[in-house]
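Before any comments, here is the structure.
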Amino acid sequence: MFKFVKGYMETIDGVATYPMISLLIFFVFFTLLFWWVITASKSYIKEVSELPLEEDNQLNNEL
């Protein structure tokens, strides 16, 4: 199976650019995600982390 895939990939012109593009997309995505996590305000993180608990509390209060 691997020989078939390898042989097929060798016939495609410029196939080496696809791994480089995917590595670049991966690197940019996680760099932006890391930057967002570092710069996010602590109050926003606390508010978002308590959302599931607030929903549960509202449901328990209605019952």
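Here the numbering used here is used: the first residue of the sequence shown is 484, the next is one more, and so on.
Glycine included, C-beta positions come from ideal geometry on N, C-alpha and C.
ask   = Per DSSP, what kind of secondary structure is Glu493 in: helix, strand or coil?
value = Along the sequence shown, read from residue 1 onward, the residue named residue 493 stands at position 10. If DSSP states are grouped into helix, strand and coil, Glu493 belongs with the helices.
ask   = So what does DSSP say about Ser524, is it helix, strand or coil?
value = Numbered from 1 along the sequence shown, position 41 holds the residue referred to as residue 524. Coil, per DSSP.
query = Taking just the CA atoms, how far does Met492 sit from Val498?
reply = Start at 1 with the first residue of the sequence shown, and residue 498 comes out as number 15. Start at 1 with the first residue of the sequence shown, and residue 492 comes out as number 9. Approximately 7 Å between the Cα atoms of the pair.
ask   = Just the Cα atoms here: how many angstroms apart are Pro502 and Ile521?
value = The residue you call residue 502 lines up with position 19 of the sequence shown. The residue you call residue 521 lines up with position 38 of the sequence shown. Cα-Cα distance, rounded: 28 Å.
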